[in-house]
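Enquirer: In mature numbering (1 follows the signal peptide of the UniProt record, and there is no 0), the protein residues as written are -20 to -1, 1 to 229.
Each residue gets a CB set at the ideal place from its N, CA and C atoms; glycine is no exception.
All values reported here derive from a predicted model rather than from experimental measurement.
Here it is, the structure, as structure tokens.
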């Protein structure tokens, strides 16, 4: 009887650990990106200390119904076992031939590879090596998707106001010659508009927060950094107005 009870206990314990719902801890300075019905999250900090940087990697299946007040109903899926990058303050964008690849750019610590690539179909990270002139040591950045598998990254913490273009099809970098760039900045949001322009919204630099009323009229929100913005299907910026528009060729 004791042996039978032991086997039952072992089975129940194994069942509990196998099917227990994954609920991620609170975090900040992480990156996220949406592919189809999966909202992926990468890295970040679990508290305010630099030692709390994590490589946790998971997604939220937004195709399933859930309520935010019931943690057990939220369909999180943990992919940390795949060995993602240990980063905070990075940027995430989609790319590849079928837009099924995730690219993580920059972030801290700077000892990590500047670009990390995740194949969402094979659910594995791919080691990539970019050749030629490549950006380094950029954090607190935001990336913006363009046509033909291109991704734009502007400035960043402690850097100049350079605009880099990454080709997700050839895995190569180029430095844009876009004119009239704003001052160097970080903690901003970059949003691609249907006409190919990129809105660079808010942010911070050595002089303080960037103004939110550049080249626009009417009421504007107060200057800010460390926020997020999204473009709706009706092509209107939600929550924030634009700071500056740059056309990338």
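1) For the beta strand (DSSP E) containing residue 71, list its first residue and its last residue.
2) Which value, in whole angstroms, describes the spacing of the CA atoms of residue 171 and residue 210?
3) Taking its Cβ as the centre, do 16 or more other Cβ atoms sit within 10 Å of residue 22, making it buried, or is it exposed?
4) Rounding to the nearest angstrom, what Cα-Cα distance links residue 51 and residue 8 in this structure?
5) When DSSP builds the beta bridges, which residues end up paired with residue 189?
6) Taking the beta carbon of residue 67 as the centre, do at least 16 other beta carbons fall within 10 Å, making it buried, or is it exposed?
7) Just reading off the beta strand (DSSP E) that residue 137 is part of, what are its end residues?
8) Could you tell me which residues DSSP puts in a beta bridge with residue 111?
9) Can you give the Cα-Cα distance for residue 120 and residue 44, rounded to whole angstroms?
10) Looking only at C-alpha atoms, which of 108, 93, 88 and 92 sits nearest to residue 99?
11) Looking at the structure shown, is residue 206 part of a helix, part of a strand, or coil, going by DSSP?
12) Let me confirm a value: residue 187 is counted as buried when at least 16 other C-beta atoms fall within 10 Å, else exposed. Which label applies?
13) Do you know offhand how far residue 143's Cα is from residue 88's?
14) As a quick exercise: from 27, 92, 175 and 74, pick the residue whose alpha carbon is nearest that of residue 122.
15) Measure the alpha-carbon distance for residue 12 versus residue 197 and round it to whole angstroms.
16) Assuming residue 93 and residue 65 form a contact by the criterion Cβ under 8 Å, report the distance between their Cβ atoms to the nearest whole angstrom.
17) If you follow the beta strand (DSSP E) that residue 116 is in, where does it begin and where does it stop?
18) Would you give the residue range spanned by the beta strand (DSSP E) that residue 97 belongs to?
19) Considering just the uninterrupted stretch of the beta strand (DSSP E) at residue 172, what are its terminal residues?
20) In three-state DSSP terms, what is residue 125?
Expert: So, from the listed chains and residues:
1) 71 to 75
2) 7 Å
3) When all chains shown are included, residue 22 counts as buried.
4) 19 Å
5) 184
6) buried
7) Note, residue 137: premise wrong, no beta strand (DSSP E); not H, not E.
8) BP columns for residue 111 are empty, so no partner.
9) Here the alpha carbons of residue 44 and residue 120 stand approximately 32 Å from one another.
10) 108
11) coil
12) Within a 10 Å sphere around the beta-carbon of residue 187 sit fewer than 16 other beta-carbons, which makes this residue exposed.
13) Rounded to whole angstroms, the gap between the alpha carbons of residue 143 and residue 88 is 19 Å.
14) 74
15) 31 Å
16) 7 Å
17) Careful: residue 116 lies outside any beta strand (DSSP E) and carries neither H nor E.
18) 95 to 99
19) 169 to 172
20) strand
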